[in-house]
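Asker: All you need for our numbering is the position in the sequence shown, starting with 1, plus 3.
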Amino acid sequence: MKDLKKLNKYFIKYKYHFLAGIIITIASQIFTVYAPKYIGDSITALQGFMQNTLGKEEVKSELIKNIIWIIATTLIAGFLTFLMRQTIIVMSRHVEFDLKNEIFQHYERLSLDFYKRNRTGDLMSRISEDVSKVRQYVGPAVMYSINTIIRMTVVIVQMYIISPKLTWYSLIPVPLLAYFMFVLSKQINQRSFLYQQNLSRLSSFSQEMFSGIRVIKAYALEKYKNKEYTELTDDSRKIYMKLAVSSALIGPLMIFLIGLCNIIIIYIGAQMFISGTIENIGVIAQFILYINMLTWPIASLGWVSTMIQEADSSQKRINEFLNEVPSISNLQPQRTTIEGNIRFEKVNFIYEDTGIHALKNISFNLDKGKTLAILGKTGSGKSSLLNLIVRLHDVTSGDIYIDNKPIKEVNLFDLRNHIAMVPQDAFLFSDSIKNNIRFGNEEATDEDIIHYAKLADVHRNIITFEKGYDTVLGERGLTLSGGQKQRVSIARALIKDAPILLLDDCLSAVDTETEERILNNLKQVAENKTTIIVTHRVSSAKNADYILILDDGKIVEQGTHQDLITLDGYYKDLFFKQLAEKELN
Numbered sequence: 004m005k006d007l008k009k010l011n012k013y014f015i016k017y018k019y020h021f022l023a024g025i026i027i028t029i030a031s032q033i034f035t036v037y038a039p040k041y042i043g044d045s046i047t048a049l050q051g052f053m054q055n056t057l058g059k060e061e062v063k064s065e066l067i068k069n070i071i072w073i074i075a076t077t078l079i080a081g082f083l084t085f086l087m088r089q090t091i092i093v094m095s096r097h098v099e100f101d102l103k104n105e106i107f108q109h110y111e112r113l114s115l116d117f118y119k120r121n122r123t124g125d126l127m128s129r130i131s132e133d134v135s136k137v138r139q140y141v142g143p144a145v146m147y148s149i150n151t152i153i154r155m156t157v158v159i160v161q162m163y164i165i166s167p168k169l170t171w172y173s174l175i176p177v178p179l180l181a182y183f184m185f186v187l188s189k190q191i192n193q194r195s196f197l198y199q200q201n202l203s204r205l206s207s208f209s210q211e212m213f214s215g216i217r218v219i220k221a222y223a224l225e226k227y228k229n230k231e232y233t234e235l236t237d238d239s240r241k242i243y244m245k246l247a248v249s250s251a252l253i254g255p256l257m258i259f260l261i262g263l264c265n266i267i268i269i270y271i272g273a274q275m276f277i278s279g280t281i282e283n284i285g286v287i288a289q290f291i292l293y294i295n296m297l298t299w300p301i302a303s304l305g306w307v308s309t310m311i312q313e314a315d316s317s318q319k320r321i322n323e324f325l326n327e328v329p330s331i332s333n334l335q336p337q338r339t340t341i342e343g344n345i346r347f348e349k350v351n352f353i354y355e356d357t358g359i360h361a362l363k364n365i366s367f368n369l370d371k372g373k374t375l376a377i378l379g380k381t382g383s384g385k386s387s388l389l390n391l392i393v394r395l396h397d398v399t400s401g402d403i404y405i406d407n408k409p410i411k412e413v414n415l416f417d418l419r420n421h422i423a424m425v426p427q428d429a430f431l432f433s434d435s436i437k438n439n440i441r442f443g444n445e446e447a448t449d450e451d452i453i454h455y456a457k458l459a460d461v462h463r464n465i466i467t468f469e470k471g472y473d474t475v476l477g478e479r480g481l482t483l484s485g486g487q488k489q490r491v492s493i494a495r496a497l498i499k500d501a502p503i504l505l506l507d508d509c510l511s512a513v514d515t516e517t518e519e520r521i522l523n524n525l526k527q528v529a530e531n532k533t534t535i536i537v538t539h540r541v542s543s544a545k546n547a548d549y550i551l552i553l554d555d556g557k558i559v560e561q562g563t564h565q566d567l568i569t570l571d572g573y574y575k576d577l578f579f580k581q582l583a584e585k586e587l588n
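1. What three-state label does DSSP hand S400 in the structure shown?
2. Within the chosen definition, does the segment 74 to 81 reach the segment 302 to 320 through at least 3 CB pairs nearer than 8 Å?
3. Measuring only the C-alpha atoms, how far is N69 from K136?
4. Identify every residue that forms a DSSP beta bridge with L351.
5. Just to confirm my understanding: we take I287, look at its own chain, exclude 5 residues before and 5 after, and list those with CB closer than 6 Å. What are they?
6. Mapping the DSSP letters down to three states, classify Q561 as helix, strand or coil.
7. With 16 other CB atoms within 10 Å as the buried threshold, where does T47 fall?
8. Looking at the strands, I want to know which residues DSSP matches up with G379.
9. What residues are listed by DSSP as bridge partners for H97?
10. For the alpha helix (DSSP H) that contains L395, what are its first and last residues?
11. How many angstroms separate the CA atom of K580 from the CA atom of H564?
12. Considering just the uninterrupted stretch of the alpha helix (DSSP H) at K18, what are its terminal residues?
13. Mapping DSSP to helix, strand and coil, what is V475?
14. Taking 9 Å as the cut-off, decide whether the C-beta atoms of P300 and R154 are in contact.
15. May I ask which residues mark the beginning and end of the beta strand (DSSP E) holding N229?
16. Quick one: any contact between the segment 537 to 546 and the segment 562 to 578, if contact means 3 or more CB pairs under 8 Å?
17. Who pairs with D125 in a beta bridge, going by DSSP?
18. Should T84 and F21 be called a contact, given that it needs their Cβ atoms to be closer than 9 Å?
19. In terms of residue numbering, what span does the alpha helix (DSSP H) encompassing V286 cover?
20. Suppose you measure from the CA of L260 to the CA of V177; what does that come to, to the nearest Å?
21. In this structure, what does DSSP give as the bridge partners for P409?
22. Does the Cβ of V513 have 16 or more other Cβ atoms within 10 Å, making it buried, or fewer, making it exposed?
23. Using three-state DSSP, classify N368 as helix, strand or coil.
24. Helix, strand or coil for R346 per DSSP?
25. Touch check for the segment 332 to 343 and the segment 102 to 109: three-plus C-beta pairs under 8 Å?
26. I need the DSSP call for A68, collapsed to helix, strand or coil.
27. Of the residues I422, A376 and S317, which one's Cα is nearest the Cα of R138?
28. Tell me the DSSP bridge mates of H360?
29. Does the distance from the CB of N368 to the CB of V350 come in under 9 Å?
30. Taking the straight line between their C-alpha atoms, what separation do you get for Y404 and R346?
31. Mind the definition here: the segment 502 to 509 touches the segment 424 to 432 only if three or more C-beta pairs lie below 8 Å; say whether that holds.
32. When every heavy atom of the ligand MG is checked, does at least one fall within less than 8 Å of the C-beta of N150?
33. For M87, count the other beta carbons within 10 Å of its own beta carbon; 16 or more makes it buried, fewer makes it exposed. Which is it?
34. Taking the alpha carbon of I331 as the point to measure from, which residue in D451, I277, A23 and V413 has its own alpha carbon closest?
35. For a test of the three-state rule: what should DSSP assign to A447, helix, strand or coil?
36. Ends of the beta strand (DSSP E) at A544?
If you want it as structure tokens, here you go:
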């Protein structure tokens, strides 16, 4: 239950809803206990008529009066119950809204290493399924708990006022109830946690399969993956069946205990009536009604217990992520103005999860408005270098300076707002092409979107689609080809109009003619921008102000295009090799 303490702040936030719900519940239960009293009085009146102590008209008048009071109090209790739901259940929806937003915002703050350790399906499960379980605790579980406590208090007090002895006898089964509830709750908690874990695995598996459906079909793995899914669902079924067994025992147990209470009331009550301790037979009827009024509250204890245990398990899983501390955090609360100078001084970077030494003793200086091209073999550290500039990772040793300030002294959000980056893996959202480009600048007009799409040389492709810029893309941009996705990503970066532009091998899927047109357009747009181009093509790098060649995380060559083609090294070999391929084509 300690994990649910995290929710106390929400009870404080919505204290007026909560307190109003409690007050209304108390009022509702006070009116509820009147009905058995009037029913008991009616039976007592009939007893008086049978014993000739009351006349026919007196009994009739008493019955009419009691019927009116029963209807009135029942209607009032029903209306107050409606208001109770409107306060506490509405509060739970507010808490659900706040909790989902808290989790989502925390997800956004967490660093890339967190997403490497956790699967997307598990993240989705915690923000949806687990939050729903927690809402059941904040709403129905709390509401029925309050309702049960207040009803039991009001009813038992009323019973005690009528007959203390009969009250004690009728409540004999309650300790048995407490014991069985403890045992079953413990089982439910354990099995609920296992079920939620399995549900996360199932969600993760499904999400990966749907995202990778093209690969599955290409390799004809449908039967194999179906078998894996069946095994996961079978595990889930077995766990839930065990959970259902524990939950199913609660209802019959409650009914049995209430039945036992009724037997005790009838037997002991009859003995007391015969001995004269109880004068009115209506008292026995009242006690039976009171005990049966406790049937649902007592029976709901099992249901409430299940909800609380499931919520505790879910909140534990939620807390695991909420307690995660981002490895990359904003250390400078003051706003920072960024012009675009970038300097690396003896930078080393090692990936903590794999131990790979991606960058080794990297040093260079890139002045504002200049262009740097970075070439190298796959795995040489090119993308890692760009990620360090955006602070997706922090350096292991050495220093990075932005406008002569250590990068950690630059406001993180200002840093990223002043950088437009086209990643190696062009990711597009399941939205219209227009909105995917506007993602770089939410205030961009339709004219701006078309302008930058032309600069990225993708406008002529977009207008051939039936819905043009309003074409909605499939997941991860599935509707477009690889080259089209890259060019839409370039348009998205250009429309941001940031002083620093990072292009991570973003022209690899386009032909050389298209590449040439885009590069010519980039010269105009990036004239006053600090630009870093990561590429495998000399044609993309030759016009840069400075070029770095990386190999195994180290700078092995550096200089201008003219400098490097005079050296017998990687750049010269690559230049003549690609030149020969171009002539052949």
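In this text, a Cβ means the ideal position worked out from N, Cα and C, and glycines have one as well.
All figures in this text were calculated on a predicted structure; none of them were measured in a lab.
Answerer: Concretely, from the data shown:
1. S400 falls in the strand class under three-state DSSP.
2. Using a C-beta cut-off of 8 Å, the segment 74 to 81 makes no contact with the segment 302 to 320, since fewer than three inter-stretch Cβ pairs fall below that distance.
3. Computed Cα separation, rounded: 43 Å.
4. Rather than Leu, the amino acid found at residue 351 in this sequence is Asn. Residue pairing for N351: DSSP places it in a beta bridge opposite S400.
5. Here the set comprises G272.
6. In the structure shown, Q561 falls within a strand segment according to DSSP collapsed to helix, strand and coil.
7. In this structure T47 is buried. Its beta-carbon is surrounded by 16 or more other beta-carbon atoms within 10 angstroms.
8. Bridge partners of G379: L553.
9. None; H97 has no bridge partner.
10. Following the DSSP letters along the chain, one finds L395 in no alpha helix (DSSP H), marked with neither H nor E.
11. Using only the alpha carbons, I get a separation of about 15 Å.
12. According to the DSSP assignment, K18 belongs to the alpha helix (DSSP H) that extends over K18 to T35.
13. Strand, per DSSP.
14. The answer is yes: Cβ separation under 9 Å.
15. Careful: N229 lies outside any beta strand (DSSP E), inside the alpha helix (DSSP H) at E225 to S278.
16. Counting Cβ pairs under 8 Å, three or more are found: they touch.
17. Looking at the DSSP assignment, D125 forms no beta bridge with any residue, so it has no partner.
18. No; because the gap between Cβ atoms is not below 9 Å, this pair is not in contact.
19. V286 -> alpha helix (DSSP H) spans G285 to M296.
20. Going from the Cα of L260 to the Cα of V177 covers about 8 Å.
21. Bridge partners of P409: Y404.
22. Classification of V513: buried, given that the 10 Å Cβ count is 16 or more.
23. If DSSP states are grouped into helix, strand and coil, N368 belongs with the strands.
24. Note: R346 maps to strand in three-state DSSP.
25. Short answer: they don't touch.
26. Looking at the sequence itself, residue 68 is Lys, so the reference to Ala does not match. Looking at K68 - three-state DSSP - the assignment turns out to be helix.
27. Looking at the Cα atoms, S317 is the closest of the given residues.
28. When DSSP reads this structure, H360 sits in a beta bridge with I353.
29. Not closer than 9 Å, so no.
30. Their Cα atoms are separated by approximately 5 Å.
31. The answer is yes - the segment 424 to 432 touches the segment 502 to 509, with three or more Cβ pairs under 8 Å.
32. This structure lacks the ligand MG, and indeed carries no ligand of any kind.
33. Around the C-beta of M87, 16 or more other C-beta atoms lie within 10 Å, and the residue is accordingly described as buried.
34. Closest in C-alpha terms to I331, from the list D451, I277, A23 and V413, comes V413.
35. In the three-state reduction of the DSSP assignment, A447 falls in the coil class, being assigned neither a helical nor a strand state.
36. First-last for A544: V541 to A544, but that is the alpha helix (DSSP H), not the beta strand (DSSP E).
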